[in-house]
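Structure record follows, encoded as structure tokens.
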Amino acid sequence: MDINVHDLVKINGAQALETSEPLPAWAIFSLKKAPYVVVRRAEIVNKKIPVGIRGENRAERMAAWVDEENAEKVIPPEEIIHQKMWKELEGNRRVLPQIEAMLALDKLLRRERLAWGPGGSTGFELVSKMNTINMHSDVDIIIRVDEQNIKKMETLREKIQNLSARVDVLLEAEIGAIALEDYLGKHSKMLVRTKNGPRLFDREKVF
């Protein structure tokens, strides 16, 4: 089973999860409404996938694990775009600024031939149909990058500045993830999110 950070995993309810402490009421309620968890940036050990449970606000987050055999379906961010899951939203949700920004991004990044997809509250709502986007939400997106396409990122910030919602870009590379702003900075070292935690790397060693 191919599983990566940011993927959404459909499970058969709270009983499919392993946690270090009992599930709070908000987590049980959330999983009843939408039985999806998001893959965390950590190693898969003994076929146990590290996942996170989302609630209705930022304070409602909890780490858990799910055995691979209990993963009923895995939806990577790119699949959200490929399947055009925004078409499944109710009418009043389709006109949210975040959804409009994502549609503009789809046109832009499709032209650039980049593999990408939404994460965060936007990705979660598109898959689960649970109302997790609010008017203050950023649009978190993940772009797959390598030494062949990384140069395209140098003009991306300017192109996304005037969209209908703020866009937060995470560049996913083989070494780990780098925020677009860090990549475009002038520092000799970049902060890279790895499966073993954040690490500083010399810029020339990242790509």
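So that you can map any letter, position 35 of the sequence shown is 42 in the working numbering, and since no number is skipped, the others follow by simple counting. A virtual CB, placed ideally from N, CA and C, is assigned to each residue, including glycine.
For the beta strand (DSSP E) containing T129, name the first residue and the last one.
Looking at the DSSP string, T129 is not in any beta strand (DSSP E); the run it does join, the alpha helix (DSSP H), is G127 to S135.
A111 to Y190, Cα distance in whole Å?
23 angstroms
Does the distance between the C-beta of I35 and the nearest non-hydrogen atom of the ligand GDP fall short of 7 angstroms?
Absence of the ligand GDP is noted for the structure shown, with no ligands found whatsoever.
Here's the rule: buried if 16 or more other CB atoms are within 10 angstroms of the residue's CB, otherwise exposed. What is G98?
exposed
So which of V12, L170, K80 and Q22 has the shortest CA-CA distance to I106?
L170
Does G126 pass the burial test, meaning 16 or more other C-beta atoms within 10 Å, or should it be called exposed?
buried
Helix, strand or coil: which one does DSSP assign to T162?
helix
Quick one: Cα of M92 to Cα of V199, how far?
30 angstroms
Would E75 and K54 be called neighbours here (beta carbons separated by less than 8 angstroms)?
yes
Mind the definition here: the stretch 111-120 touches the stretch 132-141 only if three or more C-beta pairs lie below 8 angstroms; say whether that holds.
no
Would you tell me roughly how many angstroms separate the C-alpha atoms of S37 and A21, rounded to the nearest one?
9 angstroms
K17 to P42 span [Cα, whole Å]:
6 angstroms
For F131, the nearest candidate out of V213, E63 and E161 (CA to CA)
E63
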